[in-house]
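2 protein chains.
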Amino acid sequence: MTGLLNKLSARGYKITPQRRIILQVLSDSDKHLSAEEIADKVKQIEPGISVATVYRNLNLLAEIGILSRLNLHEGPARYELNQGHNHHLVCLGCGNAIKLGVCPMQGEIKKIIEESGFEVDSHHFEITGYCQKCQARQKL
Amino acid sequence: MTGLLNKLSARGYKITPQRRIILQVLSDSDKHLSAEEIADKVKQIEPGISVATVYRNLNLLAEIGILSRLNLHEGPARYELNQGHNHHLVCLGCGNAIKLGVCPMQGEIKKIIEESGFEVDSHHFEITGYCQKCQARQKL
DNA sequence: ATAGCAGTTGATAATAATTATTATTTAGGA
DNA sequence: TCCTAAATAATAATTATTATCAACTGCTAT
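As C-alpha cells, then:
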C-alpha cells in the first residue's frame, strides 16, 4: 500500500486523499471490481468523491502499471491491483477471479507467433464460467 | 454465402435484403470490422439501411453462430464471419486479424482448469501487436 | 396469386460506460 | 507560508449499443 503511493509520487503524481481511498478499496478487495463498484465503495468512505475522479485515476493507475484493466466479454471493464502478470478464471456468478498460474504465451504458441513475424504488443487470455461455489448455488 | 442464407431460413429467420447486404459486406472483408464500419459499407450499397438494423442483425448472426464478435481490449466490438473456433493476432496498425492456428485451451492449461473445478463457459485469447507490413511501415 | 401474420425494419429515444470541460481547490516544493 | 502545476467535483458530452414502436414485408397456407 505504501509502496503503491511511493510509485505515484516517484513519477511526480500527487498523493491525494481520493487516490489513497481508491487504492484502499482496491487492495481491500480480492475481486475484479468494475469502475462503478469501485466508485460506490469509495463513496461509502468519502461521499464527496466524484465518479469522474475514480475513472480518471483508474486510467492513470492502469497506465503506470499499478493496476490492470480486464475487458471482459460483456459488461464494463474490471480492475485489480497488478500483482505481476496473470490470467484468471472469472466467475460469471460472483465476479470472483481465480488466478491461473500459467500463461499461454509460451511453448508452441509463442513459437508460432514468433515465426509469423508478428510483433506482440500485449495479450489477453480470459476464461469465464462458474466457480465451484456458484455451481453448487445453481443446483439449489 | 448461399449457405449462410440457408442457415438463416432454416431457423425461421427471413432473408431480407438488409441481411443479404450485411452478409455480403462481411464476406467481402478479411478484416475484423466494427459495427460502425459495417454500417458504413452497408450504406454505400443501400443508403436507407438503419444502423439499428445492422446492430440487430450482427447480434442475431452472432447468436446463431454465423459470425463471431471479438471484444478487443479497446474500442468497439469487431465482427467476422465465423470460420470455426479461432484466435487471432490483431494488428493495431491496420486492423487485420491473422488467424492463429492454435488454441490455448488444451494440454497443461486445460488440465489445470479442469482440476480447479471451474466450469468453463467461454474463453478469449487475444494477441495485439503489429503485423509485418505495419512494422515495415513504421520504419519509413 | 393473395391474404395474413410473425418477423423485420427505420427512426429515434434511451441507456450504459466513459471521457471532456471547466471553474475551483489543493499537494508539495521553493 | 506562498505559489503553481496538478487534481478535483460537477456536469456536459461522447461513444457504443439497445429498446421502443409504428409501419412494412417475406413467407406460408390457402
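Sequence order for the protein chains is A and B.
Quick note, in the working numbering, the first sequence goes up one by one and the last residue is 169.
Quick note, in the working numbering, the second sequence goes up one by one and the last residue is 169.
Idealized CB from N, CA, C, for every residue including glycine.
Residues within the region 153–164 of chain B neighbouring chain A, beta-carbon criterion of under 9 Å: His153, Phe154, Glu155, Ile156, Thr157, Gly158, Tyr159, Cys160, Gln161, Cys163, Gln164
Take B:Lys70 and list the residues in its own chain whose beta-carbon comes closer than 6 Å to its own, dropping the five residues that flank it on each side. Val54
Close beta carbons around A:Asn125, own chain, < 7 Å, minus the five adjacent residues each side: Lys60, Cys160
In DSSP terms, what B:Val149 is bridged to: A:Gly158
Can you list the residues of chain B that A:Gly146 reaches, using a CB-CB cut of under 7 Å? Gln161
Please confirm whether B:Ile142 has its beta-carbon closer than 8 Å to some beta-carbon of chain A. yes
Whole-angstrom Cβ separation of A:His153 and B:Glu92, contact assumed at under 8 Å? That belief does not hold up - the Cβ atoms of A:His153 and B:Glu92 are roughly 23 Å apart, past 8 Å.
Run through chain B and tell me which residues come within less than 7 Å of A:Pro105, C-beta to C-beta. Here the premise fails: no neighbours, minimum Cβ distance about 12 Å.
On the DSSP bridge list, what partners appear for A:Ile127? A:Leu118
Could you give the distance in angstroms between the alpha-carbon of A:Leu121 and the alpha-carbon of B:Glu143? 17 Å
Closest by C-alpha distance to B:Cys163, when choosing among A:Cys163, A:Ser63, A:Gly146: A:Gly146
Given this structure, state the Cα-to-Cα distance separating A:Val149 from B:Thr31, to the nearest angstrom. 37 Å
Could you check the C-alpha separation between B:Gln112 and B:Leu96 for me, to the nearest Å? 8 Å
Considering only DSSP beta bridges, list what A:Ser63 is partnered with. A:Arg107
Considering only the alpha carbon of each residue, which of A:Ala68, A:Gln73, A:Glu75 lies closest to A:Ala81? A:Ala68
Starting from the beta carbon of A:Glu75, find every residue of chain B whose beta carbon is closer than 8 Å, and list them in chain order. Going along chain B, no residue has its Cβ under 8 Å from A:Glu75, so there is no contact; the nearest lies around 30 Å.
Would B:Asn86 and B:Arg48 qualify as a contact pair, given that the criterion is a beta-carbon distance under 8 Å? yes
What residue does the alpha helix (DSSP H) around B:Ser56 start on, and which one ends it? 46–57
Alpha carbon to alpha carbon, how far is A:Gln73 from A:Lys128? Give it in angstroms, no decimals. 28 Å
Could you pull the DSSP bridge partners for A:Ser97 from this structure? A:Glu109
Let me check understanding here. Comparing Cα to Cα, which of A:Tyr108, A:Gly77, A:Tyr84 lies closest to A:Ser56? A:Tyr108
Within 8 Å, strictly: CB atoms of A:Pro105 and B:Ile138: no
Note the first and the last residue of the continuous alpha helix (DSSP H) segment covering A:Tyr42. Element bounds for A:Tyr42: n/a, residue is neither H nor E.
Roughly how many angstroms separate the alpha carbons of B:Leu90 and B:Ile50, rounded to a whole number? 13 Å
Consider the Cβ of B:Asp59: report whether some Cβ of chain A lies at a distance smaller than 8 Å. no
Could you run through the region 112–126 of chain B and flag, in chain order, every residue whose CB is less than 7 Å away from some CB of chain A? Leu118, Leu121
Helix, strand or coil at B:Gly32 according to DSSP, with G and I counted as helix: helix
Give me, in chain order, the residues of the same chain whose beta-carbon lies closer than 6 Å to that of B:Cys172; leave out the 5 immediate sequence neighbours on both sides. Not covered by the structure: residue 172 of chain B. The range shown for chain B is 30 to 169.
CA-to-CA distance, A:Gly158 to A:Ala165, given in whole angstroms: 13 Å
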